[in-house]
Each structure stands twice: as structure tokens, then as C-alpha cells.
């Protein structure tokens, strides 16, 4: 029999074993024991969570419940535990509920320091592994999306050092991933030096949670070319704490170029619309104006193009014209066929009639539906008027041809006169020279012995020789080609020189208002002759005295010189013949003075004109370019 103390020990052991078994049975993890050959010797109730009954497990070999792919590793673990080691691992189990994944911890069971069995604690981690797999798959998908993303995606630590980048980052910058990752963004070399400080200042505020709005950045590729990127920045957090920054950049260089090109095309279209003389207008499906150009605004009689928006032709034209236009536009809307070059005559509310050609074409939306029309009209009122004038001109064509023939004959006559004048002048100059020489010889020969009457006759001969010579010079000047020798002068200077060559009677006041500017390039000798002639004519037109006023001014690249006299004036029938060769009202002279002046002025590419009122005076106007087109040729 056992003594009391032994019975107490046995009882205590029984209690302890009962407590152990209770704890073992109610443990949340599967606790299983097996011998060193892998045969299960015991298992707790937690195995039911895998779909097994205890009696289905005990006495069976462990490998029966494990796929063959795990056998080699499990057998190795059994060997290691039998040697006294503790091993951990994961294993797949074939259970009534399907495949399960368990996490295990195996340790040796010892008796008197000898390993006699193995105890393993298993936990079902199937859901955990599924969750990890989902996370892994999600991360793989994320990495795939990042790598395949067309935009550059970079992450930075809180100091601005690049911690990762995708393939697009390398493609857009030209730098490899190894050249990018680990570099501070400011030292990578893609940012312009003048922009770095701005982005360095942005970093602290971003870390503090003040994420900037999307912004554009100009960056430099590895090959040195510049590009434009649109950047979006976000803060990366873990557990509510900022751990880094993610930046996504889209290359918008081409988009910006296209936007600039589109803006240029838009501005070009607007400039074309606003400055083209043809009228252009857009109308909606109800024939209301939605946009017009300046030319159309003038036709409609509105101050600004926007004043016509929302209105129709009925607000601007007669009802008849508006109805016709509306009917045409409805037909276009119905059929989708354009109206090409229709000639119309319309009356505006102000009673003004205009002729125009009109082209109207449909405007379609993206689905091909007609949603409006665009119209282009060209005012052909002037063309119609010209057609009428041409018709009238054709009716009197014979008269015009006859007039032209008369003018050609007159031109031929003048050309013939010029040739004759040149020959006559040449033939007369020699005898005149002989007469002048003879008169001079007689003066020298007779000397003091010459009486007063003889001296008077010789002076008369010399005077008439000079007069004849002037006529010959005029004939020669008029019939010969004019070759200019241009020099720079000023109106005030050349007028002053011309006045100094004319004897002005005391009864005539001269008011010289010619200006010192602008500079002008003329043949000074010839233009001086023109001005001398005009001044002499003015003096002769004021036999009882008067005032000669000379003015000059610059106008549109020309110099305008005016000679006003307060003389007797010129009758209208004389005025229209004033520049005709050999026409004169003076008792002396052959009528070449003003024609020669006209030729000289026109040789300078200028114009000379005259205006006169009988009894009030005459005004000659000379218009000269400051620099004739042939100036450079003469300078060469």
C-alpha cells in the first residue's frame, strides 16, 4: 500500500495531468505528438478546425496529410528534431476543407535525456497567406503599373534623395536607373540652375503637408535638349507619418508645342477673319449669328461683331432678302448640301443696294449632324459697276479709239518736232557763232571810233544772238534725253539760289517760307532752272506788283513746293494747254519753258501742277520724292 505522502503525490500528479489535458484540449492551436517515425500518437481538439476528427488522425503517419512536394523537407525536420533541435516552418496540409497552410514549431520530447518523440504546434495561416498573396499580387500589379506607366514616377526620401524611379523616368530623362536612384533631385542635372532654388523651397512645405497644385517644369535631358513636364506631387505616409514624396511627371512638350501651334493657328484664323475684305459669318441651326468678322459687321451696320450675336438677317435686311436667305439656310440644314457662289442683289434697311456672291456650307458635329452653317460673301458691287462702265465704254469704243489715235498722232508730231528742233538747233548754232564772232571783231576793230548808232546796232546783234542761242538751248533741252546728276540739298537752299538768279522788281514782295528740312536728292542745276522759270513767270504775271509766296513741306516721303502769286491769273482755256510744247501767249519765246520744267520734274519721278483764278493769282505746285528710285543707280 502507498503511504499518505505517496498518495498525495499521485493525486497531485493526476490533478496536474488533468489540468494539462484540459489546457491541451482547449488550446487554440493544434498540438500533435508523433513518434520518431512520424506516426501520430496524440492530437488535441483544435484539429477539428481543419475538418478532421481526432480518431481520423491518431495512429496515422504524418506524411499522409502532406503533399509529396513537402516530404523531403518534413523528413529532414524530423531528423533534426530527433537530434534535439527545435525547427520551425510552413507546410501545406490536405484536409477535408481543402488545402490549408499551417505554420509549425516542432520540438523534441525527452525521457531521461533521450528523445523519444516529437511535439508540434500548428497554426492555420491559410487566410494570412492568402492575404499576403493578395498583398504581393497587389504590389506586383502596382510595380507593373508603375513600370508600364507612360509617365515618369519617382519617390524621394524626406531629404530629397531619389529612392526609386520607373522605366519612363529613364526614357524621358535619358539617364539610366542606376544614374538616377540615390541622387539628390537637385544634383541629378535635369533641372535648370535658375529653377533649383524654387523647388528646394517647395520640399519643406510639401513634407509639412502643403502639397502643391500640379505645376509645369522645364527639364534638361541627358543629351542637353530641353523639355516640358507637368508634375503632380503627393506625400507618402506610414501610420500617419510622412516617410517620403512621390512625384509623377508627364512630358507635355509635344502638347505645349501643339497648344502653341493651335494658338498660332487660332490667332491666324482670327486675324484672317478680322482683316479679310470678304464677309464671314457662322450661324446656328436657327440661322442666328454666332460669330461674324469685321467686314460682316460693317455690312450689317453694327459697331462691334459681338453686337450681331443671337440676331438674324431679319434684324438687318429687308424682309424679302431675309426670307430668301432663311429659306436657303433651311435647305442646307435639311439636305447637307452647300450653296455655292450665288449672286444676289440686296437692299439694306438704309436703302443702299449691294451686289454680292454668297457661298454657304454646312457645319457638322462629330457625329456628322448638320448643326449650323458658315457663310462667305464677297461684295461685287464695284465689279458690277465696272461691268456697267465697261459696257458703256464698249459702246463708245470707236470714239475712244479715235481719240487715242489722235493723241498718238499728236505724240508722233511732237516727236518729229523734237527731232527737227534738234537738227535746226544744231544747224543754227554755227552761223550764230559766226555772227557773234563778227560782232565782237567789229567792236574790237572800231573801238573808240565807233559812233553811238553803230554801237547800238552791235549791242542789238549780240542781244538777239543770246536770245536765239537760248531758243536753241531750249530746243536742244526739250528734244534730248534727261540724265540726272543727283546731289543732296535742302528746299531752303535751292530756293534761295533760284531767287538770287532772278531780278525781282521793287513792286513785288517775296515771302520765302521754304523749310530747311527734309533733305532731298535732286539734279540741283536742272531743278534750279525749274524754280527760276516759275519765279520769272510769277514776276511777269504781276506787272503792277504783288506778292510771291514760296512754301515747302514734307508729305509722305515727298517734298511739296508751292509758288503763289497774286497776279492776273490764267484763263481756263489757256490753263489746259500750259504744258503743251510750242504753246505760248507771250510776244517773245517759243513756248518750251514750262514743258521743259515738266520734263525735268517728271524725270525726278515728281509731278507739277497749276491752279489759277483770273484776277486773283496762280499757284504752281511741284511734288518731288526725297530720294527718287533711280538714286542708287546714279550713285553707283
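Residue numbers (my numbering): 1131 to 1766.
Backbone N, C-alpha and C fix where the C-beta goes; we use that ideal spot for every residue, glycine too.
Everything numeric in this text was worked out from a predicted model, so none of it was measured.
Through-space distance from residue j to residue i, alpha-carbon basis
i            : j            : result
residue 1630 : residue 1508 : 59 angstroms
residue 1116 : residue 1268 : Outside the shown range of the chain, which is 1131 to 1766, sits residue 1116, and nothing can be said about it.
residue 1707 : residue 1700 : 11 angstroms
residue 1680 : residue 1620 : 14 angstroms
residue 1751 : residue 1400 : 45 angstroms
residue 1354 : residue 1455 : 60 angstroms
residue 1491 : residue 1498 : 14 angstroms
residue 1626 : residue 1733 : 22 angstroms
residue 1408 : residue 1526 : 33 angstroms
residue 1280 : residue 1208 : 52 angstroms
residue 1730 : residue 1710 : 14 angstroms
residue 1376 : residue 1368 : 13 angstroms
residue 1430 : residue 1446 : 6 angstroms
residue 1696 : residue 1746 : 6 angstroms
residue 1350 : residue 1394 : 26 angstroms
residue 1754 : residue 1520 : 34 angstroms
residue 1388 : residue 1402 : 20 angstroms
residue 1124 : residue 1427 : Here the chain comprises residues numbered 1131 to 1766, so residue 1124 is not present and cannot be evaluated.
residue 1494 : residue 1437 : 25 angstroms
residue 1261 : residue 1255 : 10 angstroms
residue 1106 : residue 1308 : Nothing can be reported for residue 1106, as the shown portion of the chain is limited to 1131 through 1766.
residue 1276 : residue 1285 : 11 angstroms
residue 1694 : residue 1662 : 14 angstroms
residue 1325 : residue 1335 : 17 angstroms
residue 1448 : residue 1483 : 11 angstroms
residue 1317 : residue 1300 : 16 angstroms
residue 1320 : residue 1372 : 26 angstroms
residue 1312 : residue 1296 : 14 angstroms
Residue nearest to residue i in terms of C-alpha spacing, selected from the options
i            : options                   : result
residue 1366 : 1307, 1293, 1303 and 1391 : 1293
residue 1225 : 1242, 1246 and 1192       : 1192
residue 1422 : 1506, 1742, 1344 and 1368 : 1506
residue 1514 : 1502, 1500 and 1475       : 1475
residue 1511 : 1473, 1539, 1153 and 1339 : 1473
residue 1666 : 1710, 1340 and 1724       : 1724
residue 1211 : 1223, 1754 and 1246       : 1246
residue 1676 : 1748, 1612, 1659 and 1737 : 1748
residue 1289 : 1737, 1329, 1655 and 1250 : 1329
residue 1674 : 1661, 1692 and 1637       : 1637
residue 1166 : 1213, 1398, 1258 and 1759 : 1213
residue 1738 : 1690, 1703 and 1698       : 1690
residue 1757 : 1672, 1649, 1682 and 1741 : 1649
residue 1251 : 1257, 1517 and 1236       : 1236
residue 1672 : 1655, 1654, 1639 and 1326 : 1639
residue 1659 : 1726, 1242 and 1342       : 1726
residue 1435 : 1204, 1410 and 1459       : 1410
Check whether residue i and residue j have beta carbons under 8 angstroms apart
i            : j            : result
residue 1298 : residue 1310 : no
residue 1651 : residue 1678 : no
residue 1287 : residue 1370 : no
residue 1624 : residue 1657 : yes
residue 1332 : residue 1381 : no
residue 1361 : residue 1347 : yes
residue 1590 : residue 1584 : no
residue 1684 : residue 1728 : no
residue 1404 : residue 1424 : yes
residue 1180 : residue 1227 : yes
residue 1172 : residue 1160 : no
residue 1415 : residue 1379 : no
residue 1645 : residue 1622 : yes
residue 1222 : residue 1253 : no
residue 1248 : residue 1163 : yes
residue 1488 : residue 1469 : yes
residue 1093 : residue 1412 : Residue numbering for the chain in the displayed model covers 1131 to 1766; residue 1093 lies beyond these limits and cannot be assessed.
DSSP bridge partner residues for residue i (one or two, in chain order)
i            : result
residue 1221 : 1232
residue 1376 : 1285 and 1364
residue 1617 : 1652
residue 1314 : 1291
residue 1507 : 1409 and 1488
residue 1753 : 1690 and 1737
residue 1440 : According to DSSP, which records beta bridges pairwise, residue 1440 is partnered with nothing at all.
residue 1346 : 1360
residue 1731 : DSSP output for residue 1731 lists no bridge partner at all.
Write down every uninterrupted run of the alpha helix (DSSP H) in the region 1640-1676 whose length is 4 residues or greater and which is fully enclosed by it, in chain order. Here the runs fully enclosed are 1654-1670.
Runs of beta strand (DSSP E) wholly within the region 1683-1708 (minimum 3 residues, chain order): DSSP runs (the beta strand (DSSP E)) wholly in the region 1683-1708: 1688-1695.
Can you list the alpha helix (DSSP H) stretches of 4 or more residues lying completely in the region 1283-1309, in chain order? The alpha helix (DSSP H) runs of length 4 or more contained entirely in the region 1283-1309 are, from start to end of the chain, 1297-1303.
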